[in-house]
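Numbering (our numbering), first residue to last: -15 to 263. C-beta: ideal position from N, C-alpha, C; glycine also. Reviewing the structure listed below.
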Ligand SMILES: NC(=O)c1ccc[n+]([C@@H]2O[C@H](COP(=O)([O-])OP(=O)(O)OC[C@H]3O[C@@H](n4cnc5c(N)ncnc54)[C@H](OP(=O)(O)O)[C@@H]3O)[C@@H](O)[C@H]2O)c1
């Protein structure tokens, strides 16, 4: 069982990317860290020396229950939960089968909800912190990422509501909204209808290329890990935090001041999907 003074943190999606950077940095700072991935045995990463990677499939109730119960059985508590597990889908609303859209929402939105539900009983009694990874795409919408954006918008509403429900308990909750980061997310993204001669193939693949280029030139996951370290020590957590390269944070901030249509035009132009009259 962990030393009472060492805080126990569960990081979902810790086999790669943001979760991996965060779990590694927390472990290096003396936290007792458990991370999750779908196939922990297949991953032989140097991070293994820093934290224990346990199996968890976000879309499976039993798998989430087993993973959280394992940590509670070993440590008797979870002081902080960082929900990073997630994946991306690209494709038009029309081309993406509802089966796959539902999977997107199940993994990204309900997946986080499942872990929170499992961790809350202990946290309500002993206190704790919950950090949910949303996305800037959960504030602005992105062409050909409708279901991904919807999963992240859902998390925004979930966290805003949960914060009020937990007001009388010693549990603090925040959402972290990353911009583009260099992680395994880009290669793992599934896409629908973006090749061939379908009605959305050309504009959709242009938008996806912009997105992929931006992710590959995105921020280092260590930036995200630093924010998490700061938030776990902060006295009072705010409702949301953005993290990423300054131009993307600025682009999100100007949404507040630009007229809605102008902002939409700006986004369409950025993603190369703006059709001018006569085209
Ligand atoms: N990278 C970006 O630009 C960016 C921007 C905004 C938000 N985000 C968000 O950041 C979070 C982390 O993404 P990342 O960029 O670090 O991507 P990543 O490198 O692909 O890592 C994703 C993590 O989620 C896990 N995961 C994926 N599907 C899962 C499932 N069905 N059940 C359980 N675990 C699953 C993966 O584990 P296994 O594959 O080993 O199971 C992996 O550990 C995601 O929620 C993503 O939406 C990323």
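Measure the Cβ-Cβ separation of residue i and residue j and say whether it is below 7 Å.
i, j, result
"residue 64", "residue 20", "no"
"residue 139", "residue 208", "no"
"residue 166", "residue 202", "yes"
"residue 130", "residue 77", "yes"
"residue -5", "residue 3", "yes"
"residue 155", "residue 112", "yes"
"residue 212", "residue 6", "yes"
"residue 178", "residue 171", "no"
"residue 91", "residue 43", "yes"
Per DSSP, residue i is paired with what?
i, result
"residue 147", "In the DSSP output, where bridge partners are listed per residue, residue 147 has none listed."
"residue 224", "159"
"residue 36", "18"
"residue -6", "18, 65"
"residue 165", "203"
Does residue i pass the burial test, meaning 16 or more other C-beta atoms within 10 Å, or should it be called exposed?
i, result
"residue 136", "buried"
"residue -7", "buried"
"residue 35", "buried"
"residue 159", "buried"
"residue 152", "exposed"
"residue 231", "exposed"
"residue 141", "exposed"
"residue 200", "exposed"
"residue 217", "exposed"
"residue 253", "exposed"
"residue -10", "exposed"
"residue 96", "buried"
"residue 238", "exposed"
"residue 259", "exposed"
"residue 147", "buried"
Output the residue ranges of the beta strand (DSSP E) runs that lie fully inside the region 40 to 121 and measure 3 residues or longer, sorted by chain position. 64 to 67, 73 to 75, 112 to 117
Hey, which unbroken runs of the beta strand (DSSP E) at 3 residues or more fall wholly within the region 169 to 232? If only uninterrupted beta strand (DSSP E) runs of at least 3 residues are considered, those enclosed by the region 169 to 232 are 174 to 176, 224 to 227.
Is it the case that the region 77 to 92 contacts the region 195 to 211, given that we only count it when at least three CB pairs across the two stretches are under 8 Å? no
Does the region 241 to 253 come close enough to the region 211 to 229 to have 3 or more Cβ pairs within less than 8 Å? no
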